[in-house]
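**Student:**
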Amino acid sequence: MHPDRYQTKSGKDFETFEFVSIGKKGRIPKIVQYIPTNIKNMYNLGFGDKLPSGDFDDTVISDNGDSEKVLATVVATLFSFTDENKEAMVYMKGSTASRTRLYRIGITKYLKEIREDFEVFGRTENGWEKFKPNRNYMAFLVKRKI
């Protein structure tokens, strides 16, 4: 899995990454954050358009025509983050059901490659299970294979 992606910059802790989406609507700054939760070694993946305050908006629809490249860039940050945080489990859920579905589609598309480096789980009404393509999930959890 080596799709085209944007160059990112990160802080020393590798928990925040920034890049710029370049497409039909111009240059849109983006942020990817790995936010610690109250569960040891579990982080929530936050992603969205960078706001002037330095925070991000995960509800905006940029529609910049580069979603594949943006997704590949977010995945690249996951590698960098888990290189530094080997025990980390990363929780992902879209801000809407349709975004969660887009995550599922992206995971399914690159599942063979993803499984080379990560364990992938999907959350159903009955709990967590190993990720299965074309099955609806409420959220996802990934952990780097050691």
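Going by our numbering, the sequence shown runs without a break in its numbering and finishes at 1016. From the three backbone atoms N, C-alpha and C, an ideal C-beta is built for every residue, glycine too.
(1) By DSSP, does residue 1011 sit in helix, in strand, or in coil?
(2) Can you list the beta strand (DSSP E) stretches of 3 or more residues lying completely in the segment 919-972, in chain order?
(3) So, helix, strand or coil for residue 984, using DSSP?
(4) Assuming contact is defined by CB atoms lying nearer than 7 Å, are residue 898 and residue 934 in contact in what I supplied?
(5) Which residues bound the beta strand (DSSP E) around residue 897?
(6) Using beta-carbon positions only, say whether residue 988 and residue 1011 come within less than 7 Å of one another.
(7) Any idea what DSSP makes of residue 978, helix, strand or coil?
**Tutor:** In terms of the structure at hand:
(1) What you label residue 1011 is simply residue 141 of the sequence shown in a count that begins at 1. Three-state DSSP puts residue 1011 in a strand.
(2) Complete beta strand (DSSP E) runs here, min 3: 959-962.
(3) Indexing the sequence shown from 1 puts residue 984 at position 114. The answer is helix: DSSP assigns residue 984 an H, G or I state.
(4) By 1-based counting over the sequence shown, the position of residue 898 is 28. By 1-based counting over the sequence shown, the position of residue 934 is 64. The answer is yes: Cβ separation under 7 Å.
(5) To locate residue 897, count along the sequence shown from 1; it is residue 27. Here the beta strand (DSSP E) through residue 897 covers 896-906.
(6) Your numbering for residue 988 matches position 118 in the sequence shown. Your numbering for residue 1011 matches position 141 in the sequence shown. Their beta carbons are not under 7 Å apart, which means residue 988 does not touch residue 1011 by this criterion.
(7) For the purposes of this step, residue 978 is taken as residue 108 along the sequence shown, with counting starting at 1. Note: residue 978 maps to helix in three-state DSSP.
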